Ligand code: PEP
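In structure tokens form, the structure reads like this:
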């Protein structure tokens, strides 16, 4: 059986300028060092706005911090006449490991549909980035179709358009739980994460399903992270609001202490 290293990912959204991003990663590094954090046990990744990425990169690399970083979006195109867009090639050159695709805020604010999310996923893979593919249902979707149907259908469109050996991360983020303070229950998260893993198995095979990390996101905090991480199919968390507070985010990263205790 494959060991999936937990991933705690902080999505900063449109918060922190480049100066604050430097201060944040420095304080995060000190705080986690004091707490004897081991990157081998839990992987930490931060997702700053585009304008901060170079600053985050140089801070992390010059101090040899054990954090990964990524972008919150990318263009489906490689280059050319796409004003305001950012190519996966540029993100890879900046040392990004990850890029978020299909976050519900982009699906809503920028009318991104499943085909565009699939195209962005392919663009990420083409440039050697690991896409963090976000899926999730609205309250209306849940009432009409149950919890899993929409996230599974969203994921299927992406999976069917990529190679079976692609390295991706999936983030289950119920839209009603994002920024609402009302997280899914661990049981609800497990049910959908398990359905997503079954979908990965159906489209990409059992090996892919075994190795692919499936995260939960939506009002994750230090008080509830351990309860999610106890679930068999939850391999980490995509954290929004709580990732903006260094102390709170570092407590989330240290969730194993509460599971082992
Ligand atoms: C998110 O935006 O991905 C998210 C999960 O936000 P929050 O943690 O604030 O609900």
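In this note's numbering, the protein residues as written are 32 to 292.
Backbone N, C-alpha and C fix where the C-beta goes; we use that ideal spot for every residue, glycine too.
Computed from a prediction, not measured in an experiment: that's the story for all the values here.
Query	Result
Pull up the distance between the alpha-carbon of residue 150 and that of residue 187, whole angstroms please.	13 angstroms
Any heavy atom of the ligand PEP closer than 7 angstroms to the Cβ of residue 258?	no
Is it buried or exposed, residue 42, if we count other Cβ atoms within 10 angstroms and call 16 or more buried?	buried
Could you check whether the stretch 200–215 touches the stretch 166–173, counting it as contact only if at least three pairs of C-beta atoms, one from each stretch, sit closer than 8 angstroms?	yes
Can we say the stretch 62–78 touches the stretch 107–114, given the rule of at least three CB pairs closer than 8 angstroms?	no
Name the one or two DSSP bridge partners that residue 244 has.	200
Label residue 173 either buried or exposed according to how many other C-beta atoms from any shown protein chain fall within 10 Å of its C-beta, with 16 as the threshold for buried.	buried
With a CB to CB cut of under 6 angstroms and the five nearest residues on each side skipped, what residues in its chain are close to residue 301?	Here the chain covers residues 32 to 292 and nothing more, so residue 301 does not appear.
Taking only three categories from DSSP, how would you classify residue 224?	helix
Is it true that the CB of residue 123 sits closer than 8 angstroms to the CB of residue 176?	no
Could you name the residues of the same chain whose beta carbon sits closer than 8 angstroms to that of residue 117, not counting the 5 residues immediately before and after it, in chain order?	81, 102, 104, 105 and 106
Is any non-hydrogen atom of the ligand PEP found closer than 7 angstroms to the C-beta of residue 251, if you look at the structure I gave you?	yes
Kindly indicate the opening and closing residues of the alpha helix (DSSP H) around residue 119.	119–124
Quick check: the Cα distance between residue 161 and residue 198, rounded to an integer number of angstroms?	6 angstroms
Since residue 98 sits in a beta bridge, which residues does DSSP pair it with?	75
Spatial neighbours of residue 265 within its chain, please: C-beta separation below 8 angstroms, excluding the five flanking residues on both sides.	217, 220, 221, 224, 245, 246, 247 and 259
Quick one: grab the DSSP three-state call for residue 237.	helix
So for residue 37, helix, strand or coil by DSSP?	coil
Using only the alpha-carbon positions, how far apart do residue 57 and residue 34 sit?	29 angstroms
Going by C-alpha to C-alpha distance, which of 63, 127, 229 and 165 sits closest to residue 139?	165
Since residue 267 sits in a beta bridge, which residues does DSSP pair it with?	38
Can you give the Cα-Cα distance for residue 135 and residue 196, rounded to whole angstroms?	26 angstroms
State yes or no: is the C-beta of residue 271 within less than 8 angstroms of the C-beta of residue 215?	no
Less than 7 angstroms between the CB of residue 273 and some heavy atom of the ligand PEP, yes or no?	yes
Apart from the five residues just before and just after residue 46, which ones in its own chain have a Cβ nearer than 6 angstroms to its Cβ?	275
At a cut-off of 7 angstroms, would you count residue 38 as near the ligand PEP, judging by its Cβ distance to the nearest heavy atom?	no
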